[in-house]
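These protein sequences, in sequence, are chains A and B.
For the first sequence, position 85 (counting from the first letter as 1) is numbered 85 according to UniProt numbering, and the numbering increases by one without interruption.
For the second sequence, position 12 (counting from the first letter as 1) is numbered 12 according to UniProt numbering, and the numbering increases by one without interruption.
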Amino acid sequence: MKRGYLLIILISLSTLELVAQSIESTLVYANEQFEVGNYQNSALAFERVIFFSEGKVDFSVYTKLADSYRLNNNAERAIKFYDIAQYQADNDSARNEIIFRKVFTYLQLKEFDQGLIALFDLKTNSNEQTQFRKEYLKGIIYYLKDDYERSIDVFDEYLSLQEKEALKFNELKNQLKKAENIKPNLAMWLSVFIPGSGQMLYGDFKDGLNSMMLTAAFVTLYFNYVMDFSLVEGYLVVLPWFQRYHRGGYQNAKENALEKQELIRSKVYQELVLMHPEKIK
Amino acid sequence: MRRNIILILLISIAGVGKAQEISEIALLQNLDEHHHAASKEKLSDKYHYVKQNTNELQFVMSGLFLFYKEFISSQDSQSCSFTPSCSEYALQAVKQQGIFKGMLNGFDRLSRCNSLSPEKYEVDPETRLLLDPLKL
């Protein structure tokens with residue numbers, strides 16, 4: 001009987017040791033997989049580590065698990081584990097880093113509002129660099145939400161201490177103002193009344209002239225028909241064609257204006273992204 | 001055990017900083033939806049095969065096609081029911097079947113371009129237009 005108990009204790013002890021070894025080696029394996037970019041395997045291995053440790057692992061394991069999911073394009077699951085890591089983190093600096101990664105994951109999902117909300121969890125009172133990074137991301141998110149005015153305000157504050165960048169930023173502000181002044185609907189209505197003028201308004205002379213000549217040709221043809229045949233014939237034969245190209249023209253005017261606006265905004269955005277805290281410090 | 005885990009993770013995290021900055025910038029740059037909306041394909045890139053002509057007739061037809069696309073079709077809203085469009089189809093037909101048969105094929109396509117019998121064609125999932133490529 002006594003020998004039986006001893007045997008059971010010995011077996012259970014050896015099993016425990018086996019499990020402990022297995023967790024460590026799994027963790028090494030998980031890290032190896034993460035390093036070589038095999039994120040699917042690393043995620044599975046980190047999940048295994050957490051499962052066999054019954055969740056009693058350091059927050060950094062959760063962070064790496066979330067990273068694995070994020071890099072494996074499973075952003076929803078990544079956010080879940082960033083949340084756990086964030087609440088288990090034992091210092092502000094680590095917590096802030098996790099929050100930043102969570103924000104980027106929300107951005108990947110194009111959930112800009114959630115990203116903005118997550119930014120407010122940051123504890124920035126002790127670290128200027130964190131504050132700097134937070135403002136940068138806030139500005140970028142507002143821009144992505146098409147809230148250009150707020151984005152400019154945030155960047156104004158963000159760059160207030162950087163004289164060189166502030167000058168460059170003024171130029172970007174002017175560009176944005178230029179984009180703001182482009183009115184696609186105005187271009188469209190101008191082209192409704194004077195074909196081609198909407199395109200020309202924003203510098204697209206080739207397209208404007210093209211539209212003007214084409215519609216003028218149809219108008220001439222219409223009057224020719226009316227004079228040579230009858231009003232009804234002109235109406236039936238030429239007007240459908242005129243209507244088709246006239247409509248195409250004013251739709252083009254609106255699209256071209258929108259395109260120009262988007263192009264300017266895109267250029268400004270690319271410049272703003274390059275104002276990353278690490279680049280301008 | 002816990003200490004070992006932290007140690008392993010700390011070693012693996014070291015040196016990640018710079019790469020992280022680059023990946024952050026790349027990710028943010030890719031989020032730019034304005035750029036995707038603004039980028040428009042050039043006519044010569046879109047119809048690159050137009051330049052591949054084997055005789056003068058094909059050269060003239062290709063020139064007419066590009067003129068039509070540049071100055072007339074560009075002023076029109078989407079009106080063709082098919083993909084490839086009737087003009088593209090006619091050009092391909094002329095190039096592959098010769099001027100006579102190709103023109104006839106092109107006119108046949110124009111007479112079918114009316115959306116009156118969509119059940120006869122598959123729908124292209126990308127453009128939502130009726131699929132009718134040139135069949136030889």
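For each residue, glycine too, the CB sits at the ideal point set by N, CA and C.
It should be emphasised that the depicted structure is a prediction, and the values quoted were computed from it without experimental measurement.
Sufficient close CB pairs (3 or more, under 8 Å) joining the stretch 235-253 of chain A to the stretch 91-102 of chain B: no
Under the three-state DSSP convention, the category residue 123/B falls into: The answer is strand: DSSP assigns residue 123/B an E or B state.
Per-residue DSSP class, three states only, for residue 7/B: Because the pLDDT at residue 7/B is just 43, under 50, the model does not fix this residue reliably, and the value given afterwards should be weighed accordingly. Shown here, residue 7/B sits in a helix according to DSSP, grouped into three states.
Contact between the stretch 145-161 of chain A and the stretch 128-137 of chain A (3+ Cβ pairs under 8 Å): Cβ pair count under 8 Å is three or more, so yes.
Residue 130/B - DSSP class collapsed to helix/strand/coil: strand
Sub-8 Å separation of residue 53/B and residue 62/B beta-carbons: Yes; because the gap between Cβ atoms is below 8 Å, this pair is in contact.
Residue 124/A - DSSP class collapsed to helix/strand/coil: Here residue 124/A sits in coil by DSSP.
Boundaries (first-last residue) of the alpha helix (DSSP H) holding residue 184/A: 184-193
Contact list for the stretch 67-98 of chain B against chain A, Cβ threshold 8 Å: Flagged, chain order: 71, 72, 74, 75, 76, 77 and 79.
Residues that residue 82/B bridges to, as DSSP identifies them: Its beta-bridge partners are 130/B.
Chain B contacts from the stretch 228-249 of chain A (Cβ-Cβ distance under 7 Å): 244, 245, 247, 248 and 249
Residue 75/A (DSSP reduced to helix, strand or coil): helix
Partners in chain A for residue 29/B, counting only beta-carbon separations shorter than 7 Å: 270 and 273
Classification of residue 87/B by the beta-carbon crowding that lies within 10 angstroms, buried from 16 upward: Residue 87/B should be labelled buried.
Alpha carbon of residue 148/A to alpha carbon of residue 30/B, nearest angstrom: 18 Å
Proximal residues, the stretch 107-134 of chain A versus chain B, C-beta separation under 8 Å: 107, 108 and 110
Partners in chain A for residue 45/B, counting only beta-carbon separations shorter than 8 Å: Within 8 Å Cβ-Cβ: nothing; residue 45/B doesn't reach chain A, min ~17 Å.
Residue 145/A (DSSP reduced to helix, strand or coil): coil
For residue 221/A and residue 187/A, the rounded distance between their alpha carbons: 26 Å
Beta-carbon spacing of residue 89/A, residue 65/A below 8 Å: no
Integer-rounded CB distance, given that residue 203/A should sit under 8 Å from residue 253/A: The Cβ separation is near 12 Å, so there is no contact.
Inter-residue spacing [alpha-carbon to alpha-carbon] between residue 23/A and residue 69/A: Rounded to the nearest angstrom, the two C-alpha atoms are 20 Å apart.
Chain B contacts from the stretch 78-107 of chain A (Cβ-Cβ distance under 8 Å): Flagged, chain order: 104 and 107.
Any 3 or more C-beta pairs closer than 8 Å across the stretch 210-227 of chain A and the stretch 74-87 of chain B: yes
Chain-ordered residues of the stretch 190-223 of chain A with a beta carbon less than 7 Å from chain B: 210, 211 and 214
Buried or exposed by the 16-neighbour rule on C-beta atoms within 10 Å, applied to residue 117/B: exposed
Inside the stretch 213-264 of chain A only - alpha helix (DSSP H) runs reaching at least 4 residues: Fully enclosed alpha helix (DSSP H) runs of 4 or longer: 231-237.
Chain A within 8 Å of residue 137/B, Cβ atoms only: Residue coverage of chain B in this structure runs from 1 to 136, which leaves residue 137/B outside it and unanswerable.
Limits of the alpha helix (DSSP H) - the one that residue 94/A falls within: Following the DSSP letters along the chain, one finds residue 94/A inside the alpha helix (DSSP H) bounded by residues 92-108.
Close-in-space but distant-in-sequence residues of the same chain around residue 242/A (CB under 6 Å, 5 per side omitted): 218
Whole-angstrom distance between residue 32/B and residue 303/A, CA atom to CA atom: Nothing in the structure corresponds to residue 303/A, since chain A is present only between 1 and 281.
Interface flag, residue 140/A vs chain B, CB-CB below 8 Å: yes
Backbone secondary structure at residue 158/A - three-state DSSP: helix
CB contact below 8 Å: residue 276/A versus chain B: Interface with chain B (8 Å Cβ-Cβ cutoff): residue 276/A is included.
Neighbour flag for residue 252/A against chain B, beta carbons, 8 Å: Yes, contact with chain B.
Contacts of residue 167/A in chain B (Cβ-Cβ under 9 Å): Those within 9 Å of residue 167/A in chain B number zero; the least Cβ separation is about 21 Å.
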